[in-house]
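Student: If you read the protein sequences in the order shown, they are chains A and B. According to my numbering, the first sequence holds residues 23 to 66 in order. According to my numbering, the second sequence holds residues 443 to 805 in order. First, the structure itself, so that you have it in front of you.
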Amino acid sequence: MSESWKSFCYGTIAAIAIAAIAGVIMNGTAKTAGEKYATSSTRL
Amino acid sequence: MSFLKLGKLAGMVAVLGIVLAAGFVGVVGSLDLSVSKAQAQSAGNVPGNFSGNLSDADLWRGIRGGVRGTVSIPDKRAAQLVQSDGDLWRAAKNGILSQVGGWSLLAIFIVLGVFYAFRGKIMVDSGLSGQTIERFNGLERFAHWLTASSFIVLALTGLNIFYGRYVIKPLLGAETFAWLTSMGKFAHNYIGFAFIAGIILMFVLWVRDNVPLLEDLKWLAVGGGLFSKGFHPPAKRFNAGQKLIFWAVIIGGGSLSISGLALLTIIDIPLWAGSFSILSSLGFDVPSTLSPLQENQLNVIWHTIVGMTMMVVIVGHIYIGSVGMEGAIAAVSTGQVDLNWAKEHHSLWVEEHQGEIKGQPAE
Numbered sequence: 023m024s025e026s027w028k029s030f031c032y033g034t035i036a037a038i039a040i041a042a043i044a045g046v047i048m049n050g051t052a053k054t055a056g057e058k059y060a061t062s063s064t065r066l
Numbered sequence: 443m444s445f446l447k448l449g450k451l452a453g454m455v456a457v458l459g460i461v462l463a464a465g466f467v468g469v470v471g472s473l474d475l476s477v478s479k480a481q482a483q484s485a486g487n488v489p490g491n492f493s494g495n496l497s498d499a500d501l502w503r504g505i506r507g508g509v510r511g512t513v514s515i516p517d518k519r520a521a522q523l524v525q526s527d528g529d530l531w532r533a534a535k536n537g538i539l540s541q542v543g544g545w546s547l548l549a550i551f552i553v554l555g556v557f558y559a560f561r562g563k564i565m566v567d568s569g570l571s572g573q574t575i576e577r578f579n580g581l582e583r584f585a586h587w588l589t590a591s592s593f594i595v596l597a598l599t600g601l602n603i604f605y606g607r608y609v610i611k612p613l614l615g616a617e618t619f620a621w622l623t624s625m626g627k628f629a630h631n632y633i634g635f636a637f638i639a640g641i642i643l644m645f646v647l648w649v650r651d652n653v654p655l656l657e658d659l660k661w662l663a664v665g666g667g668l669f670s671k672g673f674h675p676p677a678k679r680f681n682a683g684q685k686l687i688f689w690a691v692i693i694g695g696g697s698l699s700i701s702g703l704a705l706l707t708i709i710d711i712p713l714w715a716g717s718f719s720i721l722s723s724l725g726f727d728v729p730s731t732l733s734p735l736q737e738n739q740l741n742v743i744w745h746t747i748v749g750m751t752m753m754v755v756i757v758g759h760i761y762i763g764s765v766g767m768e769g770a771i772a773a774v775s776t777g778q779v780d781l782n783w784a785k786e787h788h789s790l791w792v793e794e795h796q797g798e799i800k801g802q803p804a805e
């Protein structure tokens with residue numbers, strides 16, 4: 023890896039890693055279809 | 443037919459008529475068609491008077507306008523059958539927001555193109571020295587690229603939501619566009635956390651060097667020397683232009699983060715009702731109570747306005763940090779900038795860091 027863009031690569035890899043962790047956590051806490059489409063859901 | 447038979451037939455018809463009439467009375471209660479009469483005489487009021495003095499048309503007009511009733515189920519929002527604010531929200535989102543956002547992005551590219559045509563690339567007037575000075579250390583460069591790379595993904599996926607159906611869909615087809623947009627939506631939702639981490643890190647690292655100072659006004663008064671060759675107003679580590687970018691990213695990015703988290707329902711704070719309450723206490727005529735759906739609609743509009751504004755600002759930042767200025771990109775690639783570049787653009791900062799100069803002057 024070129025020294026010039028090492029920090030760019032590290033920053034980009036970190037962004038992907040944070041996004042992946044966020045995705046795993048958010049999917050783990052995602053509502054079931056029943057909860058999602060219940061009348062009490064604020065998304066409707 | 444004899445007269446006698448005719449009389450018997452008439453009698454049978456009469457009896458049948460009486461039986462049918464009796465049965466009808468048993469069903470409807472009266473031969474008098476009072477319902478029709480009531481409708482005819484009630485000037486359009488709803489039969490049975492269950493809605494008071496409202497006519498049927500008035501009733502549905504009220505529902506269409508968002509009037510709330512009462513319900514006994516736990517979810518009280520069910521008392522509002524039609525949330526008409528959605529019409530205004532959709533019209534604003536697909537109308538003026540899309541148009542102004544698109545034109546703004548086009549305008550910044552035109553402005554930068556015209557600026558480049560007249561001013562050209564801003565060169566190091568005294569030439570490259572061969573000596574360098576560290577502008578940003580590894581952690582600072584990491585913070586910059588963490589924020590920058592995540593912002594680019596957020597901007598592109600956000601633009602796709604707004605303009606993809608007009609630009610991408612005709613090129614790739616409906617199915618590919620649908621898949622791309624679905625993946626983009628997930629990317630937008632998840633990469634947002636990397637962006638939040640980036641702006642927090644940048645704030646911690648750079649806030650002390652971005653406090654507005656009196657010399658910033660002097661820098662702004664002469665346009666930072668951007669419009670005249672050979673003239674460079676003095677500046678510390680960050681000049682006024684860079685400070686404006688910094689605060690735009692921190693405040694705009696912070697606002698994007700909060701509205702984004704609210705849209706993801708990760709935080710459940712009535713941001714707009716709270717803000718409107720403050721405005722209401724100052725005398726503004728704004729509603730101080732909003733439904734969760736209204737909060738979401740306002741968050742989408744705000745998220746769009748701030749996002750588009752930041753895209754315009756960041757396009758300008760990318761220009762001046764790359765093709766617009768010689769030597770600037772080194773600050774966030776290697777972190778080492780040429781000493782003459784630093785002296786021209788950040789003379790006061792170089793004076794404070796004389797001992798950190800590396801290399802020998804070029805012959």
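The beta-carbon is built from N, C-alpha and C at its ideal position, and this holds for glycine as well. Note that the structure is a prediction, hence the values are computed from the model and not measured.
(1) With C-beta atoms as the reference, is Phe-635 (chain B) less than 8 Å away from Ala-41 (chain A)?
(2) What does the alpha-carbon distance come out to for the pair Val-653 (chain B) and Lys-685 (chain B)?
(3) Evaluate Phe-30 (chain A) with the Cβ neighbour count: other Cβ atoms within 10 Å of its Cβ, from every protein chain shown; 16 or more gives buried, anything less gives exposed.
(4) Please return the same chain residues whose Cβ sits closer than 6 Å to the Cβ of Leu-66 (chain A), not counting the five positions on each side in sequence.
(5) Please classify Gly-560 (chain B) as buried or exposed, where buried requires at least 16 other C-beta atoms within 10 Å of its C-beta.
(6) Identify the continuous alpha helix (DSSP H) that holds Glu-582 (chain B) and give its terminal residues.
(7) Suppose only complete runs of 3+ residues qualify. What are the beta strand (DSSP E) ranges in the region 728 to 797 of chain B, listed by chain order?
(8) So, does the CB of Gly-471 (chain B) fall closer than 8 Å to a CB anywhere in chain A?
(9) Closer than 8 Å, CB to CB, is Phe-635 (chain B) near chain A or not?
(10) Check whether the Cβ atoms of His-674 (chain B) and His-787 (chain B) lie closer than 8 Å to each other.
(11) So, helix, strand or coil for Ile-40 (chain A), using DSSP?
(12) Look up Lys-800 (chain B) in the DSSP assignment and say whether it is helix, strand or coil.
(13) At the level of alpha carbons, what is the spacing between Ile-821 (chain B) and Ile-762 (chain B)?
(14) Mind checking which residues open and close the beta strand (DSSP E) that includes Glu-808 (chain B)?
(15) Decide if the region 500 to 519 of chain B is in contact with the region 720 to 727 of chain B; the criterion is three or more beta carbon pairs, one per stretch, under 8 Å apart.
(16) Helix, strand or coil, according to DSSP, for Ile-550 (chain B) in the structure here?
(17) Are the C-beta of Gly-45 (chain A) and some C-beta of chain B separated by less than 8 Å?
(18) Output the boundary residues of the alpha helix (DSSP H) element that contains Arg-506 (chain B).
(19) Please say whether Met-767 (chain B) and Glu-597 (chain B) have beta carbons closer to each other than 8 Å?
(20) Starting from Asp-658 (chain B), follow the alpha helix (DSSP H) in both directions and report where the run begins and ends.
(21) Counting only beta-carbon separations shorter than 8 Å, does Gly-50 (chain A) have a partner in chain B?
(22) Note down the Cα distance separating Ala-44 (chain A) from Gly-572 (chain B), rounded to an integer number of angstroms.
(23) Within a Cβ cutoff of 8 Å, which residues of the same chain sit near Phe-645 (chain B), ignoring the five residues on either side of it in sequence?
(24) Kindly indicate the opening and closing residues of the alpha helix (DSSP H) around Gly-695 (chain B).
(25) Helix, strand or coil for Ile-564 (chain B) per DSSP?
(26) Would you please state the rounded distance, in angstroms, between the beta carbons of Leu-588 (chain B) and Gly-33 (chain A)? I believe it to be under 8 Å.
(27) Please check the pair Ser-540 (chain B) and Phe-604 (chain B), which I expect to be a contact at CB under 8 Å, by giving their CB distance rounded to whole angstroms.
(28) Could you name the residues of chain A that His-759 (chain B) contacts, counting a contact when the two beta carbons are closer than 7 Å?
(29) Between the Cα of Tyr-608 (chain B) and those of B:Gly-725, B:Leu-570 and B:Gly-544, spot the shortest distance and give me the residue it belongs to.
(30) Could you pull out every residue in the same chain whose Cβ sits closer than 6 Å to the Cβ of Gly-672 (chain B), ignoring the five residues on either side in sequence?
(31) Between Arg-510 (chain B) and chain A, is the shortest Cβ-Cβ distance under 8 Å, so that the two count as touching?
(32) Between which two residues does the alpha helix (DSSP H) holding Gln-684 (chain B) run?
(33) Expressed to the nearest angstrom, what Euclidean distance is found between the alpha-carbon atoms of Lys-479 (chain B) and Gly-504 (chain B)?
(34) What does a CB cutoff of less than 7 Å around Arg-506 (chain B) pick up in its chain, not counting 5 residues either side in sequence?
(35) Arg-583 (chain B) to Val-556 (chain B), Cα distance in whole Å?
(36) Taking the C-alpha atoms as reference points, what is the distance between Glu-617 (chain B) and Arg-650 (chain B)?
Tutor: In short:
(1) yes
(2) 8 Å
(3) buried
(4) With a pLDDT of only 43 at Leu-66 (chain A), under 50, the local geometry of the prediction cannot be trusted, and the value read off the model is given with reservation. Nothing meets the Cβ criterion.
(5) It should be pointed out that residue 560 (chain B) corresponds to Phe in this sequence rather than to Gly. Classification of Phe-560 (chain B): exposed, given that the 10 Å Cβ count is below 16.
(6) 580 to 609
(7) 778 to 780
(8) With a pLDDT of 44 at Gly-471 (chain B), under the threshold of 50, the modelled position of this residue cannot be trusted, and the question is left open.
(9) yes
(10) yes
(11) helix
(12) strand
(13) Nothing about residue 821 (chain B) can be reported from this structure: the residues present for chain B run from 443 to 805 only.
(14) One cannot answer for residue 808 (chain B) here, as it falls past the ends of chain B, which runs 443 to 805.
(15) no
(16) helix
(17) yes
(18) 498 to 506
(19) Looking at the sequence provided, one finds Ala at residue 597 (chain B) rather than Glu. Taking 8 Å as the Cβ cut-off, Ala-597 (chain B) and Met-767 (chain B) do not qualify as a contacting pair.
(20) 656 to 663
(21) no
(22) 44 Å
(23) Ile-692
(24) 695 to 705
(25) strand
(26) 4 Å
(27) 6 Å
(28) In chain order: nothing, as chain A lies at least about 16 Å away.
(29) B:Gly-544
(30) Asp-567
(31) no
(32) 682 to 689
(33) Unreliable placement is indicated for Lys-479 (chain B), whose pLDDT of 49 sits below 50; the coordinate value is still reported in the next sentence. Distance between the alpha carbons of Lys-479 (chain B) and Gly-504 (chain B) is about 26 Å.
(34) Val-524 and Ser-526
(35) 30 Å
(36) 49 Å
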